[in-house]
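Student:
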Amino acid sequence: MIKLNINGQLTTLDVSEDMPLLWALRDVAKLTGSKYGCGKGICGACTVHIDGQAMRSCITPMSYAKDKTITTIEGLSEKGDHPVQQAWQTLNVAQCGYCQTGQIMSASALLANNASPTDDDINNAMAGNICRCGTYPRIRAAIKLAAK
Ligand code: FES
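Everything in the sequence shown is counted per the numbering used here, starting at 87 for the first residue and increasing by one.
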């Protein structure tokens, strides 16, 4: 049994310590907003916040997530109205959408730590989130809109 806080709820999951957090979130906690892309920490589709930092849940074992505070896209805001989510909707960022929850989690972690990011700050923070549709210009514009 592993205890952790997921989206504000103290939760106990009956999983092994070596299970990746992404598996526990999707298959056990039934929070499927975090996506499986590469499973190797490369694409960023599985990004969640762990104690406020954007991290890859596919390569984070439950032994690390234990007793920590996890935020997934489902818990980022109550009604999908986080400033980053609003900017994403205003600028129609998503194309196929598969990577977008990971993009939003990375972007929201960036803005929580840096309210006025430069282009370089954005590029550095978002470099680990790959979008096969190439929505990068809209992602950058949405981050700047959310930062206003
Ligand atoms: Fe985790 Fe690609 S699925 S980084």
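Even for Gly, the Cβ is constructed at its ideal location relative to N, Cα and C. What you are looking at is a predicted structure, and each value in this text was computed from that prediction instead of being measured.
#1: Going by Cα to Cα distance, which pick from C124, T118, I145 and T158 is closest to Q95?
#2: Drop a sphere of 10 angstroms on the beta-carbon of Q175, count the other beta-carbons inside from all chains shown, and report buried for 16 or more, exposed for fewer.
#3: Under 8 Å: does the beta carbon of R142 sit that close to some heavy atom of the ligand FES?
#4: Only counting runs of 4 or more residues, tell me where the alpha helix (DSSP H) segments fall wholly within the stretch 148 to 221, in order along the chain.
#5: What's the call for P223, buried or exposed, on a 16-neighbour Cβ count within 10 Å?
#6: Quick check: the Cα distance between G127 and L108, rounded to an integer number of angstroms?
#7: Within this structure, are the beta carbons of Q189 and C217 separated by less than 9 Å?
#8: If we count the other Cβ atoms within 10 Å of its Cβ and call it buried at 16 or more, is K121 buried or exposed?
#9: Since I believe I229 is in contact with P203 (beta carbons under 8 Å), could you give me their beta-carbon distance rounded to a whole number of angstroms?
#10: State the DSSP-derived secondary structure class of A233, mapped to helix, strand or coil.
#11: What residues in its chain sit with their C-beta under 6 Å from that of I208, if we drop five residues either side in the sequence?
#12: Quick check: is any heavy atom of the ligand FES less than 8 Å from the C-beta of A198?
#13: I want to check one thing, is the minimum distance from the CB of K230 to the heavy atoms of the ligand FES below 8 Å?
Tutor: According to the data block:
#1: Here residue 95 refers to the residue found at position 9 when the sequence shown is read from its first residue. Answer by Cα proximity: T158.
#2: On the sequence shown, residue 175 is found 89 positions in, with the first residue counted as 1. Exposed.
#3: Start at 1 with the first residue of the sequence shown, and residue 142 comes out as number 56. Flag set: Cβ of R142 near the ligand FES.
#4: 148 to 151, 169 to 176, 186 to 199 and 205 to 212
#5: Position 137 of the sequence shown, counting from 1, holds the residue named residue 223. When all chains shown are included, P223 counts as exposed.
#6: Position 41 of the sequence shown, counting from 1, holds the residue named residue 127. Position 22 of the sequence shown, counting from 1, holds the residue named residue 108. Roughly 11 Å between the two C-alpha positions.
#7: Numbered from 1 along the sequence shown, position 103 holds the residue referred to as residue 189. Numbered from 1 along the sequence shown, position 131 holds the residue referred to as residue 217. Yes, they are a contact pair.
#8: Residue mapping note: residue 121 aligns to position 35 of the sequence shown, counting from 1. Buried is the call here.
#9: Position 117 of the sequence shown holds residue 203. Position 143 of the sequence shown holds residue 229. Their Cβ separation, rounded to whole angstroms, is 7 Å, which keeps P203 and I229 in contact under 8 Å.
#10: Within the sequence shown, the letter at position 147 stands for residue 233. Three-state result, A233: helix.
#11: Working through the sequence shown from its first residue, we reach residue 208 at position 122. Hits under 6 Å: R226 and I229.
#12: Looking up residue 198 in the sequence shown gives position 112. With a cut-off of 8 Å, the C-beta of A198 is classified as distant from the ligand FES, since no heavy atom of the ligand falls inside that distance.
#13: One-based indexing of the sequence shown puts residue 230 at position 144. K230: no, Cβ never under 8 Å from the ligand FES.
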